[in-house]
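See below for the structure under consideration.
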Amino acid sequence: MNIQKLKKIALDVKGWSNCNESWIDSIEENPTVLVGHIDEDGSKYPVASVDCDQYYAAEDSIKLARFYAAANPETVLKLIGLIEDLEAKTLNT
-15 MNIQKLKKIA LDVKGWSNCN ESWIDSIEEN PTVLVGHIDE DGSKYPVASV DCDQYYAAED
45 SIKLARFYAA ANPETVLKLI GLIEDLEAKT LNT
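Right, dumping it as structure tokens:
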């Protein structure tokens, strides 16, 4: 895993860190699993849809969407920061 490459990717989209929610949109005939932002008023702003139906794993769509929402740029950058701190401590001991 190239941590520096992942860090650059996360920094490039840091402004999208608020896209940390997932939900099932049942407005259409076929429900869609979405990832995006839900504001304090409950307004939803989807940025990605997750569809595992073609792999015969529709039940995994919401699970995968939850993962993508949880692995937002802010979270990834925090994890990278922890890795960098641990590496620095290891090198200094």
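In our numbering, the protein residues as written are -15 to 77. Glycine is no exception: its CB is placed at the ideal position from the N, C-alpha and C atoms.
To which residues of the same chain is residue i closer than 6 Å at the C-beta, ignoring the five residues directly before and after it?
i	result
Gly20	Cys3, Tyr29, Pro30 and Val31
Quick one, are the C-beta atoms of residue i and residue j less than 9 Å apart?
i	j	result
Val17	Val(-3)	no
Ile(-13)	Ile67	yes
Leu48	Ala(-6)	no
Ser6	Arg50	yes
Quickly, what does DSSP pair residue i with across the bridge? List them, please.
i	result
Asp9	Thr16
Ser33	Leu18
Lys28	Ile22
Below 8 Å CB to CB, which residues in the same chain sit around residue i once its five sequence neighbours on both sides are set aside?
i	result
Ile8	Pro15, Thr16, Val17, Leu18 and Ile46
Out of the options, point me to the one whose CA is closest to residue i's CA.
i	options	result
Lys(-11)	Ala42, Lys73, Tyr39 and Pro57	Pro57
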